[in-house]
Amino acid sequence: MNIIVSSQAAEWFNEEVGIREGAGIRFKSKIYGNSPVTEGFAIAMEADEPMNPIAKTVTENGLLFFVEENDEWFFNGHDLSVEFDEKRKEPKYRYLKDGKPIE
955 MNIIVSSQAA EWFNEEVGIR EGAGIRFKSK IYGNSPVTEG FAIAMEADEP MNPIAKTVTE
1015 NGLLFFVEEN DEWFFNGHDL SVEFDEKRKE PKYRYLKDGK PIE
């Protein structure tokens, strides 16, 4: 699994989410939502310290983004692309399979 975060999205997280030293942004599942990869669950995020990440990336501004091993099931073999939605002024999440977006 890969995590790709655009520079604009990384800047949004840097400005909007309080991240303590040693922590990063953890992507995980939440119940009562929907996603194109796992029915009945949606993506969630929180500032947290990595324990056993299966995927991680550090952006140009030094932010760590990761997915823990126990959340791997939610992504169901897909990569995660995090972009910035200019219209809504918030992150936009896309799931990729073999480099192609899943709708």
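Residues in the sequence shown are numbered consecutively from 955, following our numbering.
Here a beta-carbon is modelled for each residue, glycine too, at the ideal position from N, C-alpha and C.
Cβ separation of residue i and residue j, assumed to be a contact under 8 Å, to the nearest whole Å
i: ARG974; j: ALA998; result: Their Cβ separation, rounded to whole angstroms, is 19 Å, which puts ARG974 and ALA998 out of contact at 8 Å.
i: PHE1020; j: GLY978; result: 6 Å
i: LYS982; j: GLU1022; result: 7 Å
First through last residue of the beta strand (DSSP E) which encompasses residue i
i: SER983; result: 978–985
i: GLU1037; result: 1033–1039
i: GLU1044; result: 1044–1051
i: GLU1022; result: 1018–1022
Residue i versus residue j: straight-line alpha-carbon distance, rounded
i: PRO1055; j: GLY976; result: 31 Å
i: SER1035; j: ILE957; result: 6 Å
i: GLY1016; j: GLY987; result: 30 Å
i: ASN968; j: ASN1024; result: 25 Å
i: LYS1041; j: SER960; result: 16 Å
i: SER1027; j: ALA996; result: According to the sequence displayed, residue 1027 carries Trp and not Ser. If you take the alpha carbons of TRP1027 and ALA996, they lie about 12 Å apart.
i: ARG980; j: PRO1004; result: 8 Å
i: GLU1044; j: MET955; result: 23 Å
i: GLU970; j: GLN962; result: 12 Å
Identity of the residue in the options nearest residue i by Cα
i: GLU965; options: TYR986, ALA996 and LEU1018; result: LEU1018
Meets three-Cβ-pair contact criterion under 8 Å: the segment 989–998 and the segment 1028–1048: yes
query: So does the segment 1005–1018 actually touch the segment 1046–1057, counting three or more Cβ pairs closer than 8 Å?
result: no
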